[in-house]
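Novice:
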Amino acid sequence: MLTQNDLNTDSGCPTCVTIGKFDGVHRGHQMLVRRTVEAARAMESESPAKAVLIAFDARGESLLTKKERRRMLEDMGIDLLIECPLGPEIFHMEAEDFAEKILFGRLHAKRVVVGEDFHFGFGRKGTPALLQKVGERCGFVTEPIPDLMDGSQKISSTVIRSELKSGHMERVEELLGYPYYMTGPVVHGNERGRTIGIPTANILPGEGKMLPPFGVYTSVAAIGGRQLTGMTDIGTKPTVGGTRIGVETYFHDFSGNLYGRRIKVALKHFTRPEEKFASFEDLHRQLLKDKAESRAYFHLDF
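For reference, each letter of the sequence shown is one residue, going 52 to 353 in our numbering.
1) Cα-Cα, which of Leu226, Met261, Glu214 is closest to glycine 202?
2) To which residues of the same chain is phenylalanine 302 closer than 6 angstroms at the C-beta, ignoring the five residues directly before and after it?
3) Check whether the segment 114–125 and the segment 145–155 touch, using three or more Cβ-Cβ pairs below 8 angstroms as the test.
4) How should glutamate 300 be labelled, buried or exposed, when 16 other C-beta atoms within 10 angstroms of its C-beta is the threshold for buried?
5) Could I get the ranges of all uninterrupted beta strand (DSSP E) runs contained in the segment 208–254, with 3 residues as the minimum, in chain order?
6) Quick check: the segment 216–235 against the segment 183–199, are there 3 or more CB pairs under 8 angstroms?
7) Grouping DSSP H, G and I as helix and E and B as strand, with all else coil, what is valine 164?
8) For a test of the three-state rule: what should DSSP assign to histidine 320, helix, strand or coil?
9) When DSSP labels each residue in this structure, what does lysine 288 get in the three-state scheme?
10) Compare the C-alpha of isoleucine 249 against each of Gln337, Gly266, Gly311, Lys118 and name the closest.
11) Would you list the one or two residues that DSSP bridges to serine 113?
12) Quick check: does the Cβ of alanine 150 come within less than 7 angstroms of any heavy atom belonging to the ligand GDP?
13) For glutamate 332, is the classification buried or exposed, using 16 other Cβ atoms within 10 angstroms of its Cβ as the cut-off for buried?
Written out as structure tokens, the structure reads:
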């Protein structure tokens, strides 16, 4: 997959395009992506075509890092990802100009797939109806996709962010369509856990990654083709005077050297918030309780 960081690109062939923020690539986003890829592949029966995704990136933390999002979209079949910061040039561009100059002029769109309540352009005047009007003139089809609902609630990044901030990991997974996760290479920590029989694999949260509340979680990870269960601590380790935010995972029934290996840790359940204990011994006792609770969550024999 080719990634561009602005809209000054030419697709070089006809495209099917979808547009949005795609923060988290949740279930609603996945529906747009699948339809975009499906339509692009159908176009290929006549001539080469590309599935294109334009992601308008706002400042601030995101449910996925850019690297995580790129990998997910590539796995879903997107051929060209355009990561477009919402700078002044884009923010003040009229919606009709965007449709004519970017979608048709640069990307040679034959089909544009958007959510039915999608708005874009200066003053948010761009709508599926406007895209249909421009498409009739320029020669592309606009396909509005109904919002994906979860019961009476529309699935949105705003709702998912709120659930994540509350530590409702099961609900986050339901709305995303996959468990919230973090990725990174295993780095050296202070190795205190190893001295008390609870060794951990330490990673650093990705740049711009939105984190759930600091604390302990039950978690799963895939390493070397094997799925491991465990418990993950996110926070600064206040009992031992830590200041840097880290992600430490203890894996049940596993031993091995993971330093330098890139791992993906998915959080399943929020066990308890971060706490500063009076002593390292008190922390150790609590970690043993956390370990037992995690094993019980996964129905492991003790």
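Built from N, CA and C at the ideal position, the CB exists for glycine as well.
Specialist: Inspection of the coordinates gives the following:
1) Leu226
2) Leu279, Gly281
3) These segments do not touch.
4) Reading off the sequence, residue 300 comes out as threonine, not glutamate. Flag for threonine 300 reads buried.
5) 232–236, 252–254
6) no
7) Strand.
8) strand
9) Residue state, collapsed to three classes: coil.
10) Gln337
11) Lys260
12) Although the ligand GDP was asked about, the structure shown includes no ligands whatsoever.
13) exposed
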